[in-house]
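Peer 1: Numbering (the working numbering), first residue to last: 133 to 418.
Backbone N, C-alpha and C define an ideal beta-carbon position, used for all residues, glycine too.
Quick caveat, the model's predicted, so the values are computed rather than measured.
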Amino acid sequence: MYKLLALNIDGTLLKSNGKLEKKTKEAIDFVKKKDVYVTLLTSRNFLSAKKVAKALKLDSYLVTFQGALVAKSLEEKLYESVIPAQKTFDIVHVLEHFNCNVRLLHERYSIGNRKKVKNNMIARTILGDPFFYPAQFVDSLSDVLRNDPIDVMKIDVFYSNEDECDEIVETMERAFPEISLTMSDGKIELLPKNVSKLNGLIRLGNELGISLKEMVVIGDHMDDMPAIEAAGLGVAMGNAPNEVKAVADWVTRSNEQLGVAYMIKEHFRKQHRPQFLRQIRTTEKK
């Protein structure tokens, strides 16, 4: 009996063109009718994830910013962890010595430098609807932060080559041991310590009284691996890297083949609502 379904967004719920298919929406409606709590588990900013949740008619807590923010809205937060303003400035000051594109993600907006880096991931990264999540680009992030310091949820770093990536990681780990680093899709994500998708899911489960063994996690990214491995039922998308598939209990179809809808219909059609099972047990006792 699984009580919670956690879904990654990009590469899992959405097709490669960013489209949310009708069959996927219908599958989410189907599993909600089984009294399963459905949440999103994503590195996206909260406002972007909330748009997807609205399309799915979800009013649940969402695990966003790689787990740095678990919330229903920016006014109703279950958990929040930020990189403090002074630490953000110090990190940016070091990163500006590298040829990398840096993006600071605040809960309401992002600020990035204009440095041009040959990295295809930058073009593919969703900046978000400017009406919901404005994105600003400046020549010098440190100059902006010196005049207007901000706490941020996470910092995305886009590097130009693997050698530079290794150098950035080594420098960050040595200079800022209190910051967590995650590698994901051609970028480095800097997070507050003890922040991850898995820890965000654990915090949500503690609030709802749902254990990891009662959860289903579906994802396709390397940063989904710990949550997939720890869940009662960990599911990898068909388009996931082999490393992700190796730790999963189940491998579904790809996002282009609507793997989320397929998995839900294949598994959850066999699961009854808890209320129905309680009625059966009561009848049997009589």
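Could you give the C-beta distance for S312 and L323, rounded to a whole number, given that I count them as a contact under 8 Å?
Peer 2: Along the sequence shown, one-based indexing puts residue 312 at 180. Along the sequence shown, one-based indexing puts residue 323 at 191. 4 Å between Cβ atoms; contact.
Peer 1: If you check the beta carbons only, do A217 and K209 fall under 9 Å apart?
Peer 2: Counting from one through the sequence shown, the residue named residue 217 turns up at place 85. Counting from one through the sequence shown, the residue named residue 209 turns up at place 77. Their beta carbons are not under 9 Å apart, which means A217 does not touch K209 by this criterion.
Peer 1: K182 to Y193, Cα distance in whole Å?
Peer 2: Along the sequence shown, one-based indexing puts residue 182 at 50. Along the sequence shown, one-based indexing puts residue 193 at 61. Straight-line Cα distance between these residues: approximately 10 Å.
Peer 1: Exposed or buried, which one is H225 when buried takes at least 16 other CB atoms within 10 Å?
Peer 2: Numbered from its first residue, the sequence shown carries residue 225 at position 93. Label assigned to H225: exposed.
Peer 1: CB K329 to CB V195, shorter than 9 Å?
Peer 2: For the purposes of this step, residue 329 is identified with residue 197 of the sequence shown, where counting begins at 1. For the purposes of this step, residue 195 is identified with residue 63 of the sequence shown, where counting begins at 1. Yes, they are a contact pair.
Peer 1: Roughly how many whole angstroms lie between the Cα atoms of G143 and H399?
Peer 2: The sequence position of residue 143 within the sequence shown is 11, counting from 1. The sequence position of residue 399 within the sequence shown is 267, counting from 1. About 20 Å.
Peer 1: Can you say whether D356 is buried or exposed, counting buried as having 16 or more other CB atoms within 10 angstroms of its CB?
Peer 2: By 1-based counting over the sequence shown, the position of residue 356 is 224. Within 10 angstroms of the beta-carbon of D356 lie 16 or more other beta-carbons, which makes it buried.
Peer 1: Contact check, M369 vs W382 under 8 Å by CB: the rounded distance?
Peer 2: Stepping through the sequence shown from its first residue, residue 369 is reached at position 237. Stepping through the sequence shown from its first residue, residue 382 is reached at position 250. At roughly 10 Å, the Cβ-Cβ gap does not stay under 8 Å, so M369 and W382 are not in contact.
Peer 1: Per DSSP, E208 is paired with what?
Peer 2: If you number the sequence shown from 1, residue 208 lands on position 76. Beta bridge pairing from DSSP links E208 with S205.
Peer 1: From the DSSP output, in three-state form, read off N279 for me.
Peer 2: Here residue 279 is taken as the residue at index 147 of the sequence shown, counted from 1. Reduced to three states, the DSSP call for N279 is helix.
Peer 1: How far does the beta strand (DSSP E) with E321 in it reach, from first residue to last?
Peer 2: Counted from its first residue, the sequence shown places residue 321 at position 189. Element bounds for E321: K319 to P324.
Peer 1: Out of N177, E388, K155 and E375, state which residue places its alpha-carbon closest to the alpha-carbon of A267.
Peer 2: Within the sequence shown, the letter at position 135 stands for residue 267. Nearest option by C-alpha distance: N177.
Peer 1: Would you please verify whether the beta carbon of T171 is less than 9 Å from any beta carbon of chain C?
Peer 2: Although the question refers to chain C, the structure presented lacks it and comprises just one protein chain.
Peer 1: How far does the alpha helix (DSSP H) with R235 in it reach, from first residue to last?
Peer 2: The residue given as residue 235 occupies position 103 in the sequence shown. The continuous stretches of alpha helix (DSSP H) do not include R235, which lies in the beta strand (DSSP E) extending over residues N233 to L237.
Peer 1: In the DSSP assignment, find the unbroken beta strand (DSSP E) run with L424 in it and report its ends.
Peer 2: This structure cannot settle anything about residue 424, because the visible part of the chain is limited to 133 through 418.
Peer 1: How is T196 classed by DSSP in three states: helix, strand or coil?
Peer 2: For the purposes of this step, residue 196 is taken as residue 64 along the sequence shown, with counting starting at 1. Reduced to three states, the DSSP call for T196 is strand.
Peer 1: With three or more beta-carbon pairs closer than 8 Å as the criterion, would you say the region 219-233 touches the region 290-300?
Peer 2: yes
Peer 1: Which class does F178 belong to by DSSP, given the choice of helix, strand or coil?
Peer 2: Here residue 178 is taken as the residue at index 46 of the sequence shown, counted from 1. In this structure, F178 counts as helix in the three-state DSSP scheme.
Peer 1: Taking only the alpha-carbon atoms, compute the straight-line gap between R246 and F290 and give it to the nearest angstrom.
Peer 2: For the purposes of this step, residue 246 is taken as residue 114 along the sequence shown, with counting starting at 1. For the purposes of this step, residue 290 is taken as residue 158 along the sequence shown, with counting starting at 1. Each residue's alpha carbon lies about 12 Å from the other.
Peer 1: Please report the Cβ distance between A372 and L344, rounded to the nearest whole angstrom; I am assuming they are in contact, meaning their Cβ atoms lie under 8 Å.
Peer 2: Locating residue 372 in the sequence shown gives position 240, where the first residue counts as 1. Locating residue 344 in the sequence shown gives position 212, where the first residue counts as 1. No, A372 and L344 are not in contact; Cβ-Cβ is about 20 Å, not under 8 Å.
Peer 1: In terms of residues, what are the limits of the beta strand (DSSP E) holding K164?
Peer 2: Position 32 of the sequence shown holds residue 164. Unbroken run through K164 is the alpha helix (DSSP H), K154 to K164; no beta strand (DSSP E).
Peer 1: Can you look up S316 in the DSSP assignment and give me helix, strand or coil?
Peer 2: The count along the sequence shown starts at 1 and reaches residue 316 at position 184. S316 falls in the strand class under three-state DSSP.
Peer 1: Alpha carbon to alpha carbon, how far is G341 from V276?
Peer 2: For the purposes of this step, residue 341 is taken as the residue at position 209 of the sequence shown. For the purposes of this step, residue 276 is taken as the residue at position 144 of the sequence shown. Those two C-alpha atoms are separated by around 43 Å.
Peer 1: In or out: N331 buried (at least 16 other Cβ within 10 Å) or exposed?
Peer 2: Numbered from 1 along the sequence shown, position 199 holds the residue referred to as residue 331. Burial call: buried.
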